[in-house]
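In the UniProt record's numbering, the protein residues as written are 1 to 179.
Data block below; observations after.
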């Protein structure tokens, strides 16, 4: 059985940087341990990076969330804490994305790089009600026969109510959610 762990945007700016929040800090060890377990079992781990450029404030997202964050080639763009250890490790994949979810063209590249024969996909990361839910839909659309799950204990939002609501919506999409 081929498994894939997707770690959504666990970057410095979302943990203790420009858009950081306390709950995000508590996820580090759990995400790290889960990624280690996947790799030890011969499975794959994919990391997404929210990625912006100097024109961010001119974009639709920037106009609605006018907080510069995750600019490419900055410390805030990097994986947070111990997760940096996974950069360059075999069976890990790292993808920049310029929006909440991965673009369709990039999903095609991912399915070529990671493989189309993925049976199970588990998602963790931040922010539950923005990027996590967006990527659940994206992966569900690309991997129509894979079983998807979200470990809600390893996801977080700056708003606990929106976190819970997002998990409810994710469950309504037929995705297994651990709470």
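Cβ coordinates follow ideal geometry from the N, Cα and C atoms, glycine included.
It should be emphasised that the depicted structure is a prediction, and the values quoted were computed from it without experimental measurement.
Cβ-Cβ distance between residue i and residue j below 7 Å
{"i": "residue 62", "j": "residue 56", "result": "yes"}
{"i": "residue 158", "j": "residue 94", "result": "no"}
{"i": "residue 154", "j": "residue 175", "result": "no"}
{"i": "residue 2", "j": "residue 168", "result": "no"}
{"i": "residue 24", "j": "residue 156", "result": "yes"}
{"i": "residue 177", "j": "residue 136", "result": "no"}
{"i": "residue 138", "j": "residue 101", "result": "yes"}
{"i": "residue 144", "j": "residue 98", "result": "no"}
{"i": "residue 18", "j": "residue 69", "result": "yes"}
Of the residues the options, the one placed nearest residue i, counting alpha carbons only
{"i": "residue 172", "options": "59, 42, 140 and 115", "result": "140"}
{"i": "residue 91", "options": "54, 127, 178 and 6", "result": "6"}
{"i": "residue 22", "options": "137, 126 and 151", "result": "126"}
{"i": "residue 35", "options": "64, 10 and 143", "result": "10"}
{"i": "residue 185", "options": "122, 160 and 162", "result": "With the chain represented from 1 up to 179, any question about residue 185 goes unanswered, as that position is not in the structure."}
Supposed close pair residue i, residue j - CB separation, criterion 8 Å
{"i": "residue 77", "j": "residue 49", "result": "6 Å"}
{"i": "residue 114", "j": "residue 44", "result": "6 Å"}
Quick one: any contact between the region 80-87 and the region 131-149, if contact means 3 or more CB pairs under 8 Å?
Contact fails: fewer than three Cβ-Cβ distances are below 8 Å.
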